[in-house]
Every structure is written in structure tokens, then in C-alpha cells.
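Residue numbers (the UniProt record's numbering), protein chains in the order written: chain W, 1 to 533; chain L, 1 to 96.
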């Protein structure tokens with residue numbers, strides 16, 4: 001019976017209206033029941049609620065006080081523009097001597113000198129900390145296999161893992177499939193597969209990125225800064241750069257098959273920083289046709305040759321007597337390359353003739369070769385080292401000592417060379433078959449790993465024993481060779497190795513291989529100083 | 001001036017000493033035998049650590065004060081001689 005209250009946007013108004021209506025109505029009173037049931041036979045019950053029937057029902061209401069609203073407007077009358085920019089922190093440098101107070105400094109040094117000399121002496125003679133070592137991280141006692149990765153379509157074709165690389169963040173491992181024994185290469189398509197090990201739900205048979213290549217990929221290298229760019233060298237002599245984060249069109253740059261391209265399979269690719277711009281990189285490729293080429297990616301997807309070098313037998317430095325090549329070929333095939341961590345222009349080349357060469361990018365002499373090239377080819381070799389008994393398959397420069405490098409080849413020996421002398425410092429026989437890869441550890445100056453043709457990954461600790469490997473990890477059950485291995489420089493306990501069965505195994509090394517001991521750098525220096533007289 | 005240099009040279013030529021840095025009260029290095037970036041790192045970090053060590057000692061016992069700070073690490077030992085105005089940092093490779 002309520003009238004249509006005037007519609008207001010405020011529901012409170014409606015409530016008020018209803019309350020006003022109800023306030024006009026008299027309080028409801030129930031009709032009084034007979035106080036005693038006279039007409040009814042039976043028992044007589046006094047009804048007590050009749051007294052309550054007289055009490056009236058009160059309506060109570062509560063309401064918040066009405067909200068006061070007011071309208072006001074504001075406007076900015078003056079405004080000013082201001083810009084904010086961070087500035088590169090001024091590097092705090094040592095204050096020049098003239099600014100500080102010399103007499104006060106002299107007084108201070110006089111005060112503390114005696115105490116400091118006393119402590120230095122005590123420290124020098126103290127044996128308090130002998131044999132005292134602190135373990136900050138959990139100790140891992142054994143080497144264990146963390147992941148076994150493989151790509152079934154490639155394994156079904158009988159492809160081997162020929163190249164392996166960790167990316168710049170250390171979380172993605174990529175492998176290249178191809179065949180080392182040069183099977184039917186003309187129709188052989190090969191793959192580059194990448195697994196992201198930090199991703200949850202890692203599927204060992206399902207790579208996170210797969211790229212098809214037109215011919216067998218023989219070597220692989222991830223970009224040092226870009227986590228998804230990877231360069232690969234092909235059997236056809238081409239060099240390709242892919243971007244693994246673009247699944248629909250991963251190919252970034254390619255050399256194509258021009259006059260400049262290698263005429264032989266590419267043995268190794270390396271990323272080098274550009275001389276002027278340290279954040280831009282070029283790709284260096286070496287192949288058995290004797291050429292060392294430096295490529296720059298330009299906008300059209302083409303890798304353009306910027307510098308080139310050619311190895312010619314007549315121009316090799318005569319530091320050691322080399323066997324005369326029976327076929328009289330003039331080119332010297334390069335099979336491996338390693339750049340020095342201390343001098344960015346210096347690199348070591350491993351050759352088919354078994355002798356490492358010390359080379360430099362900064363040479364001026366032209367190469368005596370008739371190979372066509374858009375860029376003049378130069379002769380890079382500066383020093384020749386004593387040869388192995390067979391072709392070299394891998395070289396590695398020590399990240400801790402500027403003169404030491406390792407080389408391994410088909411004679412099953414690993415040679416430790418110093419760049420200052422031609423004969424090796426040590427020669428270790430690790431395998432009765434070939435050795436395919438050798439790498440220095442990125443954290444322990446005296447540790448290196450080698451991949452053998454017998455299916456083992458051998459870890460050598462020169463501090464423990466200089467004759468036999470500290471740990472020998474069996475990678476393949478049927479003794480098929482392990483072709484490549486790489487340490488992970490971000491997660492230093494990981495080592496990835498690829499073998500002839502098409503599997504990549506990621507090994508977790510025990511703590512003894514990942515933590516530097518107290519005097520290792522000095523021991524390495526001592527080793528390098530043992531120059532044969 | 002010569003006295004300062006001589007004293008520093010005596011300390012630096014002691015057995016096993018790798019480097020010496022003198023830092024002023026604001027944490028700015030004023031003398032060093034190491035390269036610039038390493039010096040700046042040592043100066044900044046050890047200045048903060050010395051202030052913390054000093055306040056720790058004073059908090060435990062207000063009558064006490066910090067006289068010397070030594071940090072032993074796997075590779076070497078860092079010694080800090082603190083003062084009101086300056087800080088002398090010496091890094092030594094002790095014989096094992």
C-alpha cells in the first residue's frame with residue numbers, strides 16, 4: 001500500500017519514506033484472546049502472555065546522519081616542465097696526493113706501522129690455519145648424470161652429436177646433429193636442438209627449440225651476450241646464425257654459397273667482439289680449406305666477410321721441423337681454434353698436420369694463395385709448435401694463465417703447451433683411440449676434461465696426479481665415441497657431453513672440481529715455468 | 001711526504017704482501033698499490049665493514065674500542081688498522 005515514492009538515486013530516501021508511512025500507523029495490537037477459556041471444558045490454564053499483549057511494539061530505527069556533499073573545482077594555473085635523468089656514477093678514483101693532509105697522514109702511519117708489521121710477521125709464521133677449511137656449500141661427493149637428452153628423429157637417422165654449446169645465461173644447452181664420418185651428406189638434413197634446463201617440465205626427448213639445417217652442422221657456438229642467438233658451421237662450408245626464440249623463422253644470417261665461403265666443412269665457429277664496439281660481435285669460422293674467416297651480419301640477412309686469413313705451407317714459421325706433406329698441397333687445413341683470454345687478438349689454431357699454430361688477427365703480411373676472396377687474405381701464423389702424431393681435433397687456451405694451452409688429437413694424447421716454446425710441457429696419453437675434445441675448467445686452474453673415442457669423459461686434475469685421470473665418466477655403454485664437451489661457465493658444476501648415439505648427457509661434477517683450492521693459481525704458474533732447457 | 005712513502009714502501013715490501021691501501025674517513029682511497037677498480041672496491045667495502053665492527057665492539061662494551069680487524073679468506077688475509085681519520089688496509093698472502 002505504499003505510494004510510489006519519488007524515485008531518488010539515494011535508497012536512503014526510500015527508506016525514510018517507508019519509515020514515515022509506518023510512523024503514521026498506530027502500533028499494531030493483537031486482538032486480545034480471552035483471559036480464560038470459560039467455554040472450553042477441561043483444565044484451566046492462566047495465560048501469561050496476555051499481559052504481554054498489551055505492551056506495544058515499538059519501531060526503532062537508526063540511520064546515519066546525512067552525508068554532506070559539496071562541489072568544488074580546481075585548476076592548475078601554473079605548470080612547469082622538468083626532466084629527470086640518471087647520470088652514470090662518477091667512478092670514485094684515488095685522490096691525488098696534493099688534496100690530502102700530509103702531516104696528519106704521516107702521523108697516522110707512524111702510529112699504526114709497528115702494529116701492522118707485527119701482525120704481518122705473526123701471520124707469516126703462523127700455522128694456526130693449516131688444514132683449516134670451511135665448507136659454505138653442500139658438498140657433492142660424486143659425479144652424477146643430471147639429464148640425458150636426445151632428439152628421437154635425429155637419433156633415428158643415426159646422426160651423431162657433433163657440437164654442443166651453453167648459452168650466455170647458462171640455462172640452455174644446444175646441440176648440433178650431423179655425422180663426423182661424412183656419410184651421405186648431400187641428402188642429409190640435420191638439426192640443431194636446444195633444451196632449457198631451468199624450465200620446469202623439462203622433457204628429455206622434446207627439445208624446447210628445434211631448427212632444421214640444410215646440411216650437417218658440425219660445430220655450434222652461442223652468442224656471448226644474446227641468450228638465443230647461436231652460430232653453426234655446416235658441412236657445405238656455410239656459416240649460419242639462428243635466433244632460437246623465433247620458432248617460425250629462426251634463420252638470422254647466412255653466408256650463402258659465394259666465392260668467399262669455405263670450400264670445405266667448417267670445423268669450428270667462434271664469436272668475437274668487434275674491435276671498436278665491445279657489445280657487437282662477429283663470427284669467426286675455420287675450415288679444413290685453410291681459411292680463417294671473420295664474418296659480420298648485415299641487415300639483409302647476409303653474413304659479409306670483413307677479414308680473412310689463409311694458411312699456406314710456405315708461409316708457416318719454421319720454428320719446428322715439419323714433415324713435408326706428401327701430396328705437396330699448399331693449404332694447411334685448420335681443424336680447431338681457441339682464443340686467448342688475455343689477449344683478444346691472439347689465437348691458437350689446430351691443424352690437420354698435427355701442429356698447433358700461434359696466430360694473431362693483427363698481421364699485415366698477405367697470404368700467398370690463389371683462392372678467390374673479396375677481402376685480401378693475410379697470413380696469420382707467427383709460431384709453430386711441435387706436432388702431435390696425427391691431426392688435432394681440439395685446442396683450448398687456459399683462462400687462468402696467458403701462456404698455457406691444451407691440444408688433443410687422433411694420437412690419443414693431450415699436449416700441454418706453453419706459448420713460449422715449441423715442444424710441449426707435458427704429453428699425456430689418455431686414450432688408445434682418438435681424442436675428440438679437450439676443455440679447461442672455467443673455475444679450477446689445474447683441471448681439464450677430455451672426450452675420448454672409447455666413450456669416456458675424462459677429468460684431469462693436475463694437482464692430484466699428472467699421470468692418470470682423477471675421474472673417468474663412462475658416457476656410452478657400447479664404447480661409441482664422445483664427440484664434444486663443454487663446461488657451463490655460469491653454473492660451474494655442470495658439464496655437457498655429446499656422443500655418437502645422439503644423446504647429450506649433462507653431468508654434475510663433484511665439489512672437488514668446482515671449488516678452487518687455496519694455492520692453485522700459484523701451482524699453475526709453477527707448472528708453466530717449467531720450461532725445458 | 002717522503003716519510004709517508006717510505007713507510008708505505010716498508011709495509012708493501014714485507015713478505016707476502018699483495019697490496020696496501022690507505023683510505024680517509026669518508027671511505028675514499030688516498031694511497032694505493034693496486035689498480036683503480038680493485039682499490040675502490042676494497043676501500044668502499046672495508047670502510048663499511050670496519051664501521052660495523054667498531055660499532056659492534058662498542059655496543060658490547062662501551063669502554064672498549066676496535067684496534068685491529070683481520071679477515072682470513074681462502075686465498076689471503078686482509079688486515080685493517082683503523083683510526084679516527086684514516087684506515088690502512090694490507091692484503092697478505094700468508095705462507096701455507
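Even for Gly, the Cβ is constructed at its ideal location relative to N, Cα and C.
Nearest neighbour of residue 368 of chain W by Cα position, chosen from W:361, W:275, W:360, W:378, turns out to be W:378.
Contact between the region 162-177 of chain W and the region 99-114 of chain W is absent: fewer than three C-beta pairs spanning the two stretches fall below 8 Å. In this structure, DSSP gives residue 307 of chain W an extended state, which the three-state scheme calls strand. Contact between residue 502 of chain W and residue 177 of chain W holds, since their C-beta atoms are separated by about 7 Å, short of 8 Å. At a cut-off of 9 Å, the C-beta of residue 111 of chain W has a neighbouring C-beta in chain L.
Residue 34 of chain L and residue 197 of chain W have their C-alpha atoms some 40 Å from each other. In this structure, the beta-carbon distance from residue 333 of chain W to residue 306 of chain W does not fall below 9 Å.
Note that the region 430-443 of chain W touches the region 484-503 of chain W; at least 3 beta-carbon pairs, one per stretch, sit closer than 8 Å. In the three-state reduction of the DSSP assignment, residue 195 of chain W falls in the strand class, which pools E and B. Here residue 219 of chain W is bridged, per DSSP, to W:233. With contacts defined by Cβ atoms closer than 9 Å, residue 15 of chain L and residue 166 of chain W do not form a contacting pair.
Using a Cβ-Cβ cut-off of 9 Å, residue 14 of chain L counts as an interface residue toward chain W, since at least one Cβ of chain W sits closer than that to its own. In this structure, the alpha-carbon of residue 480 of chain W lies about 16 Å from that of residue 157 of chain W. Taking a Cβ-Cβ cut-off of 8 Å, the neighbours of residue 11 of chain L in chain W comprise 113, 116, 117, 120, given in sequence order. Residue 42 of chain L sits in a helix when the DSSP states are folded into three classes. The straight-line gap separating the alpha-carbon atoms of residue 8 of chain L and residue 43 of chain L is approximately 16 Å. Listed in chain order, the non-local C-beta contacts of residue 270 of chain W below 7 Å within the same chain comprise 221, 284, 337, 339, local neighbours out to five positions each way being set aside. Spanning the alpha carbons of residue 251 of chain W and residue 341 of chain W requires a straight line of approximately 30 Å.
About 12 Å separates the beta carbon of residue 109 of chain W from that of residue 90 of chain L, a gap too long to meet the 8 Å contact definition.
Between the C-alpha atoms of residue 71 of chain L and residue 132 of chain W there is a straight-line separation of about 14 Å. Contacts with chain W at 9 Å (Cβ-Cβ) do not include residue 42 of chain L. For residue 335 of chain W, the uninterrupted beta strand (DSSP E) segment begins and ends at 334-339.
Of W:179, W:135, W:143, the smallest CA-CA separation from residue 154 of chain W is found for W:179. Proximity of residue 166 of chain W to chain L, defined by a Cβ-Cβ separation below 9 Å, is not satisfied.
Taking the C-beta atoms as reference points, residue 402 of chain W is found no nearer than 9 Å to residue 514 of chain W. With a threshold of 9 Å between beta carbons, residue 30 of chain L makes contact with chain W. Short of 7 Å from the beta carbon of residue 431 of chain W, and not among the five residues preceding or following it, lie these beta carbons of its own chain, in chain order: 412, 452, 453, 454. Fewer than three pairs of CB atoms, one per stretch, sit closer than 8 Å, so the region 490-504 of chain W makes no contact with the region 462-471 of chain W. Exposed is the label assigned to residue 36 of chain L, since fewer than 16 other Cβ atoms lie within 10 Å of its Cβ.
The C-alpha of residue 507 of chain W is placed about 31 Å away from the C-alpha of residue 214 of chain W. Taking C-beta atoms as the reference points, residue 82 of chain L and residue 50 of chain L count as a pair closer than 9 Å. Partner residues in the beta bridge of residue 460 of chain W, as assigned by DSSP, are W:448. Rounded to the nearest whole angstrom, the CA to CA distance from residue 461 of chain W to residue 86 of chain W is 48 Å. Residue 381 of chain W has its alpha-carbon roughly 9 Å from the corresponding atom of residue 312 of chain W.
With 16 or more other CB atoms across the displayed protein chains lying within 10 angstroms of its CB, residue 143 of chain W is buried. Within the same chain, Cβ atoms closer than 8 Å to the Cβ of residue 22 of chain L are found at 8, 29, 30, 31, 32, 86, 87, 88, 89, the five residues on either side in sequence being excluded.
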